[in-house]
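Written out below as structure tokens is the structure these notes cover.
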Amino acid sequence: MIYAIRIVVIVIVLEVVVGAALLGWRAWRLVPQVPDVELNDPLIMPQLRDLARAAEFGTSDDWRLLGEGLLGKGFYAHAEQAFRESLRLDPHNFHAQFGLAFSLDRTGRMRESTLEYRKVSQLRARSPDQEMLKYHALYALGRNALRLENLVEAEEWFRQNPGFPPAEYQLAKLLIRSGRVDQALPIIERNLAEIPYSLEFHLLDHRANLARNRPRAAFEAEARMERSATLVSMNFNTDYVGPLMMRTGIRPLLQELGEVSTGDDLDRIEQRCVEIKTLLGDAPVFTARHVDDLLVDVALRKKQPELVLDRIAVIRKGGREDALLLESEGDARQMLGQSEKGALAWNRALTLTPSIPLHQKLARYYAEEESDLRDLHLGRAALLRGIERYRDNRLEEAIAPFLEATEKNPADPDPWFYLGEMHFHLGRPEQAAAAYRECLERKPGHGRAAAKLAHIEGA
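Counted the way this note's numbering counts, the sequence shown spans residues 253 to 711.
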């Protein structure tokens, strides 16, 4: 009897101890927080809740994944909590440390984010993506110092980030503003050697030459800005957040659909599009327009013009109208033998966006019966081809389509201007001047042509 009583007492004591421990643990542990909202994309919040359930009893990386999921959708305060818990479980979690610093940065707490970015800069990078985050962290430290108007500290941080173009741009700009142009020039020249068509560094070259009272060199640097399409990102937010956005919602499905759509299995593409639209229901998800575009394209490739028009009508009921829909409508009308309606749709599409294929379609439509309109569209297609090559810095190859454009549309000043630009940048001042004069003859108020001609004649 006494033995039985002792067993009961022991059991009761164990239950009390275990119960107290469980209560204490439940009171102590952090419960993941997900915003109580619903978004246009109905797939996002259920996926975030799944991440929260995994984190609740999970590892540091489970909490980090939750933080990154929240951060990718702009829930910075909730992401901060998840990153802090991830770091409590593993103080060396590199991505969680950067995520915490970024979340504080995005909520305007610059001094707090500076402390956390410093920790990132002190961690050892063990992979290329971690190394890139260290570059971003050092750049963020300099940018925070700029925002806090501490120029000396900002310069120090940017100097600690050599070889990272955004930091070198900010450093060179600080040097120019403080009258140290000679120190800025080697930085500018080095970056232009590596990124020859950088808009930002040509801008700094322009400013540096103005500061040195070299107006002709400044003019030529400004001219190079016009053909520089490479942008050095001054804000790494998109580079960091973009991949995180792709993890939840419709975006992963669209990425998968993009891979499927490169093939020729039209039935599979159509089936996958229908499945995605079923998942979304009636939710007005902007990024889902790509699914609608693919469904229209599949119908076109299957030679089903009536279905194309039906699908376009449904899209338009949702309030959307753009050049792609109009071009598709024109294509469908042509299949149905409604040539005039098709040409009208194509012309309307051109009022919204320039397009080589549209000009080519209209040139074929007008053919010999309306040769003036045919040549007009052939000339504009040639002009756009030349501009494409110019933007791709294939200057010599751009000359032929520009010449074709001058022949097809002799009254148009634009091809002559671009011919002048090609010769100017290729170091042929006489040919450039002749082309600029032709442009000005057709459009006397063309300011850019006049400025370039004045520069050449003033040499």
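Yeah, the Cβ is synthetic: ideal placement off N, Cα and C, and Gly gets one too. This structure is a prediction, so every number in the text was calculated from the model and none was measured.
- In the DSSP assignment, residue 340 falls within the alpha helix (DSSP H) that extends over 328-341.
- DSSP places residue 443 in the uninterrupted alpha helix (DSSP H) bounded by 433-446.
- Cα atoms of residue 297 and residue 671: separation of roughly 54 Å, rounded to the nearest angstrom.
- Pairing residue 482 with residue 447 gives a Cβ-Cβ distance under 7 Å.
- A straight-line Cα-Cα distance of about 39 Å links residue 507 and residue 628.
- Excluding sequence positions up to five before and after residue 630, its CB lies within less than 6 Å of the CB of 615 and 660, all in the same chain and listed in chain order.
- When only Cα atoms are considered, residue 463 and residue 469 end up about 11 Å apart.
- Pairing residue 443 with residue 453 gives a Cβ-Cβ distance under 7 Å.
- For residue 507, the uninterrupted alpha helix (DSSP H) segment begins and ends at 503-513.
- Residue 707 sits buried, since 16 or more C-beta atoms from the chains shown fall within 10 Å of its C-beta.
- Annotation for residue 491: the continuous alpha helix (DSSP H) segment containing it runs 489-497.
- Here the C-alpha atom of residue 575 lies approximately 27 Å from the C-alpha atom of residue 501.
- A residue is called buried once 16 or more other Cβ atoms fall within 10 Å of its Cβ, and residue 568, having fewer, is exposed.
- Judged by their CB atoms, residue 449 and residue 480 are nearer to each other than the 7 Å cut-off.
- For residue 486, there is no enclosing alpha helix (DSSP H), since its DSSP letter is neither H nor E.
- With respect to the 7 Å criterion, residue 327 and residue 287 are classified as neighbours on the basis of their beta carbons.
- Proximity of the segment 689-698 to the segment 663-680 meets the contact definition, three or more beta-carbon pairs being nearer than 8 Å.
- Residues 383 and 386 of the same chain have their beta carbon placed closer than 6 Å to that of residue 377, with the five preceding and five following residues left out of the count.
- It is roughly 16 Å from the alpha-carbon of residue 592 to the alpha-carbon of residue 557.
- Put simply, of 294, 309 and 282 the residue whose alpha carbon is nearest the alpha carbon of residue 332 is 282.
- Restricting attention to 519, 374 and 505, the CA atom closest to the CA of residue 529 is found in 505.
- Sixteen is the threshold: when 16 or more other Cβ atoms of the shown chains lie within 10 Å of the Cβ of residue 396, as they do, the residue is buried.
- In this chain, residue 377 is not harboured by any alpha helix (DSSP H), its DSSP state being neither H nor E.
- Residues of the same chain with a CB within less than 7 Å of the CB of residue 322, apart from the 5 flanking positions on each side, are 300, 330, 331 and 334 in chain order.
- Three or more pairs of CB atoms, one per stretch, sit closer than 8 Å, so the segment 509-519 contacts the segment 541-552.
- Taking C-beta atoms as the reference points, residue 284 and residue 339 fail to come closer than 7 Å.
- Membership of residue 673 in the alpha helix (DSSP H) is indicated by the continuous run 665-677.
- Just measuring C-alpha positions, the residue of 291, 342, 325 and 305 sitting nearest residue 313 is 342.
- For residue 480, the secondary structure class from DSSP, reduced to helix, strand or coil, is coil.
- For residue 622, there is no enclosing alpha helix (DSSP H), since its DSSP letter is neither H nor E.
- Between residue 551 and the set 418, 293, 581 and 527, the nearest pair of CA atoms involves 581.
- With fewer than 16 other Cβ atoms from the protein chains shown falling within 10 Å of its own Cβ, residue 381 counts as exposed.
- DSSP lists no beta-bridge partner residue for residue 607.
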